[in-house]
Amino acid sequence: MENRIGKSYTARKALFAKGLREGRLSMQEIEKALPAGTLTAAERWLLYYSLRAAQVEIIDEVTGQVDHGFMAEQPATPAEH
Numbered sequence: 003m004e005n006r007i008g009k010s011y012t013a014r015k016a017l018f019a020k021g022l023r024e025g026r027l028s029m030q031e032i033e034k035a036l037p038a039g040t041l042t043a044a045e046r047w048l049l050y051y052s053l054r055a056a057q058v059e060i061i062d063e064v065t066g067q068v069d070h071g072f073m074a075e076q077p078a079t080p081a082e083h
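Okay, so the sequence shown: first residue is 3 according to my numbering, each after it adds one.
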């Protein structure tokens, strides 16, 4: 168990360093470094949230689109009367 946590921590630390250095990461490289079962759903959400908060773009290599997560939805502007 400790070995798995250690590898996960090391992988997350390396991802953050690369993301901060380059300003972007691909979803595919994140998933390769931290495959399913490595993190809980909450930990995975926090990882993506933290990367976005650090202004690291998360890109889908297949589509080329930037994943903005929940921040992509802009509140509707109130209509003028």
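For glycine and all other residues, C-beta sits at the position ideal for the given N, C-alpha and C.
Since we're looking at a predicted model, the values are computed, not measured.
Subject >> Distance CB(R54)-CB(G71) smaller than 7 Å >> reply: Yes.
Subject >> Of the residues E24, L48, E45, the one placed nearest I61, counting alpha carbons only >> reply: Of the candidates E24, L48, E45, E24 places its Cα closest to the Cα of I61.
**OP:** Could you tell me which residues DSSP pairs with S28 in its beta bridges?
**Re:** Answer is I61.
Subject >> Limits of the alpha helix (DSSP H) - the one that L48 falls within >> reply: Its alpha helix (DSSP H) spans residues 43–55.
Original post:
Looking only at C-alpha atoms, which of V64, D69, V58, E63 sits nearest to R20?
Top reply: In the sequence as displayed, the identity of residue 20 is Lys instead of Arg. The option with the nearest alpha carbon to K20 is V58.
Original post:
Of the residues G8, R26, K9, which one's Cα is nearest the Cα of S52?
Top reply: Of G8, R26, K9, the residue nearest in Cα terms is R26.
Original post:
When the distance is taken between beta carbons, is A35 closer than 7 Å to L49?
Top reply: No Cβ-Cβ contact shorter than 7 Å links L49 with A35.
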